[in-house]
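Heads up: the structure comes next, in structure tokens.
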């Protein structure tokens with residue numbers, strides 16, 4: 014009788030473990046509400062919401078960001094931040110992003126070209142790329158972010 018119980022227990026455990034799915038990679042969907050907010054203390058502040066998706070049936074936690082902001086193909090800012098944000102299961106969610114751009118870090122070509130572009134109603138290409146790190150069941154996921162948008166004068170006046 015004892016071997017039958019062991020066999021049944023083993024079979025039930027095997028079925029249980031094979032029925033579980035491995036966690037799925039969360040993904041970046043889009044960037045929304047992109048705004049250049051203010052010039053304060055010589056810095057330009059850009060805010061946006063990164064829309065990401067958690068396809069897993071479990072809540073997860075965002076732990077960090079490592080993002081680069083490029084304006085007209087030239088690096089304008091780098092953002093590394095540690096975060097502690099709980100994310101709901103099986104749905105899209107927004108991660109607020111705040112980037113401070115120091116004009117002294119921008120190339121003179123970008124400043125002059127950007128100023129001429131703004132006054133000439135030409136658009137400036139903004140690109141945000143890098144990763145957002147999320148943790149689910151002690152597994153870290155690097156979520157790739159790559160977003161490009163053309164900006165015009167009205168984007169700087171919001």
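Numbering (our numbering), first residue to last: 14 to 171. Cβ coordinates follow ideal geometry from the N, Cα and C atoms, glycine included. All of these numbers come straight from a predicted model, not from anything done at the bench.
The C-beta distance from residue 92 to residue 147 rounds to 17 Å, too long to fall under 8 Å, and the pair is not in contact.
Across the structure, residue 72 and residue 102 are spaced so that their CA atoms are roughly 4 Å apart. Inclusion of residue 62 and residue 109 in the CB contact set at 8 Å is warranted, their separation being smaller than that value.
The Cβ neighbour count for residue 150, taken over all protein chains shown within 10 Å, is under 16; the residue is labelled exposed. Residue 104 is a Cβ neighbour of residue 67, given a cutoff of 8 Å. Relative to residue 49, the option among 39, 153, 139, 87 whose CA is nearest is 139. The C-alpha of residue 160 is placed about 28 Å away from the C-alpha of residue 54. The straight-line gap separating the alpha-carbon atoms of residue 51 and residue 89 is approximately 16 Å. The secondary-structure analysis by DSSP pairs residue 62 across a beta bridge with 45, 109.
Note on residue 116: under 16 other CB atoms within 10 angstroms of its CB, so exposed under the neighbour-count rule. For residue 116, there is no enclosing beta strand (DSSP E), as DSSP marks it with neither H nor E. Apart from sequence neighbours up to five positions away, the residues of its chain that approach residue 74 with a beta-carbon distance below 8 Å are 97, 98, 99, 100, 147, 148, 149, ordered along the chain.
Beta-bridge pairing by DSSP links residue 147 to 75, 154.
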